[in-house]
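Engineer: Pasting in a structure now, in structure tokens, and then I'll have a few things to ask.
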């Protein structure tokens, strides 16, 4: 490869230019996101049925789905949440399941279930939804004069359709208002005075507003359509619908009700800065680029605004792409600074500006080529691939630096430049290949991982792997070519000219007098001092290795026991937070709305009114007609609210944990009946939590919900004693207030009534006719049809007595509901959750100033203290705690496999298990150094730092390979392992120091956590720096000692079994190829 490149240098440059052109094009096309595509195998089914209780949703609907989904191939879990009017079924599949096939099977099974659902059920919505589909922002509608209904209708009919023109973007139904509806609002007292029933009014509306197909008739030469006005032309026409005719005056709707162009019964409100408003969550498809979607949406905003009246303003808020942009910018800046510092280190060591430029040029070429290959393999630019590219900078320098440094050594031998470049490049070609393979071997276990660790680790592995492969190729073809053009010959007056065909004699480092360092200058003085230290260690090999082993074991053991564990690095300087507000169960949404406003006011008092950029809350439940909206905001009742707060840029948040504590204390002091719990808000946290509301979630599942609730309450009391846990609670509302209507069927029969008639009148009086009598009105000006429904004036239903007085028979004041039924206050669960055959009670908690690993262990200890759950029940950790345990297990296995793979690779190369073992002597130092630096800087062991630790193992092997390869060659030449180890250490001192220091300087920007997104990647850089510093010391001082100790009595004979190999013990001189060739030559006289 080297000779081919040197013989055709222009071809090398042309090939590189071609790669750079395509790489430049790929930069504009590769998607940019915060995380890699995790492709979590999840499908949701949202089944609404307005007015049904959670118990009815469970018994009549969700259990049907749960049983039917078991027929779907690859199904792993079916998790169900049942609340008022909605059940949400989450189908989780095993990895590597064909999700296209699974989605088809789910849709097929859903069609079967629909046939068994109660009358009046609407078809469900089936969506492929995972953490990658989370909202990336909110499109907010605000107005001082427009009503919620108007904004909701405009958002649905004018703005939402435009999302189809933004590639990769999608949007659920708007939040905040409800569906536009023609509401016939009945006055109960006037209805009763006319002896009417709610069911009678509904029947009259249905008969007088009926959809009828328009036929056509041939009149003369034309076919004429014959539409009728069976559907009301105007909203006001509903007032003239007759309710009763015959004897006496005709009764019209206008006599007992008003007709409004309004919205469905409100079940929730959106608050923007404390005022009712409407917003659309902006979501993206799993394979779309966050940056592209947000930028395209912002470009579309002027067009969207033009479709709205002048009194409605549109804005884009809670922009999550800002974090993506900050992460990309921070890592690019860190990479650029790292490359600059690396170049300065190379310049410092070599003292040659042109050599430094050659080394630095390999960095952008390798990175650009890696980006091209990432795009070709379907990857994105995200925090993991960028971390990998930034991490690779130091390694890229290593390859080019080793070649350049070796070229300088050969030039110092007096060789002509071209010969020195060729010989030096060929000499380090195989060691560099071995180093490259060793580093790549570190990432091989990533392909054996599963779940989130696999999804996160493989993109980083690919980015580093591609960069290193390209860097190795550049060191073999680009560096020799450019070195021939740019480097200068080294003048050596005291050295004889190098004769072609004769090897130049290299200076022997052993000839330096360790006791006379003043006779040498520059780096040679450093080398002499190094040899003095190394000689002392070589003289006490057993003691040195014993101290090293004991120190490593002690530091590693103490480090792993002391360091905390998290999924991702903790972000302490965020300016956004999300919280759930919980009022007493069953509280009306208007009252919950007031509590939410009071919480916002408390936050303003803490941070200052001007320091809140925007607040967004959703109070109450999402409408059952918008089933999939619950995927984005899940509130189980009108007493819950979710609040998001974005703080102003100028407001400095020293600690988000401290701010949350202030808010908790203020709410506890001023709002006695309100509890709050904080939830993840950033895309990173939401993706990692995979739908969990808090880091700690404990599922208590059993056959009996009451037993599960009792156990959960014991567990809550125990967890509240843990000092660093906050917001400990049972998630499900299990005591929701109800007014139980017990129909006396015997008495109802005496009045000639059936339970069906009574139930219809009750629904119309307490809810609306939307779900019992579907009726539509067409707005011809817009071309949209809207629901018509009858409902009672909510403010008129003030007490239990009002319910008891609901009339049931048309034309009669009696019987009323009280005559045929008993009304009694009661409670029942406001949410039923199921996983498999068990009903679930969930206990959740937040963590205050503690790592997830410590908190998980404390929670497990609390579970053990509470005792065994009831028979047939299970208790298990879910959410981030479960993911942490799975991830750490995978990473520990990956680290072990990486060491094994490297060992096998080295053993195959050196044909010696002992030499391969010597190379791995530096691995304990890597672990100890990385752990110590992480502990010293207050970091935890998380996905990022663990990746840095694994990466450090590969990098440490690179330095060790340089020393051991040289030492083994010298041992076979000197026939003395100790001298070989000494000389190899001295010979490789400068390249090891140069590459290690260059890599450390290259990692400093990342490790320092520069920029707003620096906290996410800092642990990775710090783990690499800690491991690299320790491994460098071990490679220079411990590795030669270990080599001398292990190889001192090793045989010099080759292990080869090839009879044609001159070094083999089985060598057959008589039948060797050389002998056969000599015999075949003709004899000349």
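In my numbering, the protein residues as written are 165 to 1249. C-beta: ideal position from N, C-alpha, C; glycine also.
#1: Using the three-state DSSP reduction, which class does residue 1029 fall into: helix, strand or coil?
#2: Give the range of the beta strand (DSSP E) segment to which residue 254 is assigned.
#3: Pop quiz: residue 1222 and residue 1228 are said to be a contact at Cβ under 8 Å. What is the actual Cβ separation, rounded to whole angstroms?
#4: What does DSSP give as the partner residues of residue 339 in its beta bridges?
#5: Measure the C-alpha to C-alpha separation of residue 881 and residue 801 and round it to an integer number of angstroms.
#6: Determine the burial state of residue 176: buried for a count of at least 16 other Cβ atoms within 10 Å of its Cβ, exposed for fewer.
#7: Please determine whether the Cβ atom of residue 167 lies at a distance below 8 Å from any heavy atom of the ligand HEM.
#8: Less than 9 Å separating the beta-carbons of residue 1120 and residue 1187?
#9: Skipping 5 residues on each side, what residues in its chain have a beta carbon closer than 6 Å to that of residue 460?
#10: Given that a residue counts as buried once 16 or more other Cβ atoms are within 10 Å of its Cβ, and exposed if not, what is residue 181?
#11: Determine which residues share a DSSP beta bridge with residue 306 and list them.
#12: For a test of the three-state rule: what should DSSP assign to residue 609, helix, strand or coil?
#13: Using the three-state DSSP reduction, which class does residue 959 fall into: helix, strand or coil?
#14: As a quick exercise: from 773, 569, 937 and 1106, pick the residue whose alpha carbon is nearest that of residue 1179.
#15: My parser needs the alpha helix (DSSP H) runs of 4 or more residues fully inside the segment 534 to 617; what are they?
#16: Use the C-beta contact count for residue 1056: other C-beta atoms within 10 angstroms, 16 or more gives buried, fewer gives exposed.
#17: Using 9 Å as the threshold, is the C-beta distance between residue 235 and residue 209 below it?
#18: For residue 792, tell me which candidate among 445, 258 and 941 has the shortest Cα-Cα distance.
#19: Does DSSP classify residue 240 as helix, strand or coil?
#20: Verify whether the separation of the beta carbon atoms of residue 497 and residue 454 is less than 9 Å.
#21: Given a cut-off of 9 Å on the beta-carbon distance, is the pair residue 698 and residue 1205 in contact?
#22: Distance, Cα to Cα, residue 1225 vs residue 705?
#23: What are the start and end residues of the alpha helix (DSSP H) that includes residue 275?
#24: If you draw a straight line from the C-alpha of residue 840 to the C-alpha of residue 891, how long is it?
#25: Pop quiz: residue 702 and residue 1145 are said to be a contact at Cβ under 8 Å. What is the actual Cβ separation, rounded to whole angstroms?
#26: Can you give the Cα-Cα distance for residue 1256 and residue 1101, rounded to whole angstroms?
#27: If you measure between the beta carbons of residue 1189 and residue 1167, is that distance less than 9 Å?
#28: Could you pull out every residue in the same chain whose Cβ sits closer than 8 Å to the Cβ of residue 756, ignoring the five residues on either side in sequence?
#29: Can you tell me whether residue 545 is buried or exposed, with buried defined as 16 or more other CB within 10 angstroms of its CB?
#30: Give me the Cα-Cα distance between residue 286 and residue 363, rounded to the nearest whole angstrom.
#31: Taking residue 418 as the reference, which of 428, 425, 426 and 405 has the closest Cα?
#32: Counting beta carbon pairs with one atom in the segment 852 to 867 and one in the segment 997 to 1014, are three or more of them shorter than 8 Å?
#33: When the distance is taken between beta carbons, is residue 1076 closer than 9 Å to residue 1123?
#34: Based on Cα-Cα distance, which residue from 766, 795 and 779 lies nearest to residue 826?
#35: Which residues in the same chain have their Cβ closer than 7 Å to the Cβ of residue 482, if we skip the five residues on either side of it in sequence?
#36: Measuring alpha carbon to alpha carbon, tell me which residue in 370, 509 and 1024 is nearest residue 1165.
Structural biologist: Answer, in terms of the structure:
#1: The sequence position of residue 1029 within the chain shown is 865, counting from 1. In this structure, residue 1029 counts as helix in the three-state DSSP scheme.
#2: As a working mapping, residue 254 is identified with position 90 in the chain shown. It spans 250 to 257 - the beta strand (DSSP E) in which residue 254 sits, taken as one unbroken run.
#3: Within the chain shown, the letter at position 1058 stands for residue 1222. Within the chain shown, the letter at position 1064 stands for residue 1228. So it is a contact: roughly 5 Å between Cβ atoms.
#4: As a working note, residue 339 is residue 175 in the chain shown. Answer is 443, bridged to residue 339.
#5: What you label residue 881 is simply residue 717 of the chain shown in a count that begins at 1. What you label residue 801 is simply residue 637 of the chain shown in a count that begins at 1. For residue 881 and residue 801, the distance between alpha carbons rounds to 24 Å.
#6: Position 12 of the chain shown, counted from the first residue, corresponds to residue 176. Classification for residue 176: buried.
#7: In the structure on display, the ligand HEM does not appear, and there are no ligands present to speak of.
#8: The count along the chain shown starts at 1 and reaches residue 1120 at position 956. The count along the chain shown starts at 1 and reaches residue 1187 at position 1023. For residue 1120 and residue 1187, no; Cβs fall outside 9 Å.
#9: Residue mapping note: residue 460 aligns to position 296 of the chain shown, counting from 1. These residues qualify, in order along the chain: 330.
#10: By 1-based counting over the chain shown, the position of residue 181 is 17. Exposed, because fewer than 16 other Cβ atoms sit within 10 Å of the Cβ of residue 181.
#11: The residue given as residue 306 occupies position 142 in the chain shown. 477.
#12: On the chain shown, residue 609 is found 445 positions in, with the first residue counted as 1. DSSP places residue 609 in helix when its eight states are reduced to three.
#13: Start at 1 with the first residue of the chain shown, and residue 959 comes out as number 795. Note that residue 959 scores a pLDDT of 49, beneath 50, so its modelled location is shaky and nothing firm can be said.
#14: In the chain shown, residue 1179 corresponds to position 1015, counting from 1. Here the closest residue by C-alpha is 1106.
#15: 547 to 576 and 581 to 607
#16: Position 892 of the chain shown, counting from 1, holds the residue named residue 1056. Under this definition residue 1056 is an exposed residue.
#17: Sequence index remark: in the chain shown, residue 235 carries index 71 (1-based). Sequence index remark: in the chain shown, residue 209 carries index 45 (1-based). No; because the gap between Cβ atoms is not below 9 Å, this pair is not in contact.
#18: Here residue 792 refers to the residue found at position 628 of the chain shown. Selected option, being the one with the closest Cα: 445.
#19: Mapped onto the chain shown, residue 240 falls at position 76. DSSP places residue 240 in strand when its eight states are reduced to three.
#20: For the purposes of this step, residue 497 is taken as residue 333 along the chain shown, with counting starting at 1. For the purposes of this step, residue 454 is taken as residue 290 along the chain shown, with counting starting at 1. Their beta carbons are not under 9 Å apart, which means residue 497 does not touch residue 454 by this criterion.
#21: As a first step, residue 698 must be located in the chain shown, where it is residue number 534. As a first step, residue 1205 must be located in the chain shown, where it is residue number 1041. Contact flag set, yes.
#22: As a working mapping, residue 1225 is identified with position 1061 in the chain shown. As a working mapping, residue 705 is identified with position 541 in the chain shown. For residue 1225 and residue 705, the distance between alpha carbons rounds to 35 Å.
#23: The residue given as residue 275 occupies position 111 in the chain shown. Start and end: 263 to 278.
#24: Along the chain shown, read from residue 1 onward, the residue named residue 840 stands at position 676. Along the chain shown, read from residue 1 onward, the residue named residue 891 stands at position 727. Computed Cα separation, rounded: 7 Å.
#25: Locating residue 702 in the chain shown gives position 538, counting from the first residue. Locating residue 1145 in the chain shown gives position 981, counting from the first residue. Indeed they touch by this definition, with Cβ atoms about 7 Å apart.
#26: With the chain covering only 165 through 1249, there is no way to say anything about residue 1256.
#27: As a position in the chain shown, residue 1189 is number 1025, starting the count at 1. As a position in the chain shown, residue 1167 is number 1003, starting the count at 1. Contact: yes.
#28: Numbered from its first residue, the chain shown carries residue 756 at position 592. The answer, listed in chain order, is 745, 747, 783, 784, 802, 803, 804 and 805.
#29: Residue 545 sits at position 381 when you count from the first residue of the chain shown. Buried, by the Cβ-count rule.
#30: Within the chain shown, numbered from 1, the residue matching residue 286 stands at position 122. Within the chain shown, numbered from 1, the residue matching residue 363 stands at position 199. Answer to the nearest angstrom: the Cα atoms are 22 Å apart.
#31: The residue given as residue 418 occupies position 254 in the chain shown. Among 428, 425, 426 and 405, the Cα nearest to that of residue 418 is on 405.
#32: yes
#33: By 1-based counting over the chain shown, the position of residue 1123 is 959. By 1-based counting over the chain shown, the position of residue 1076 is 912. No, they are not a contact pair.
#34: Within the chain shown, the letter at position 662 stands for residue 826. Cα-wise, what sits closest to residue 826 is 766.
#35: Here residue 482 is taken as the residue at index 318 of the chain shown, counted from 1. The residues are 301, 302, 780, 808 and 810.
#36: Against the chain shown, residue 1165 aligns to sequence position 1001. Closest by alpha carbon: 509.
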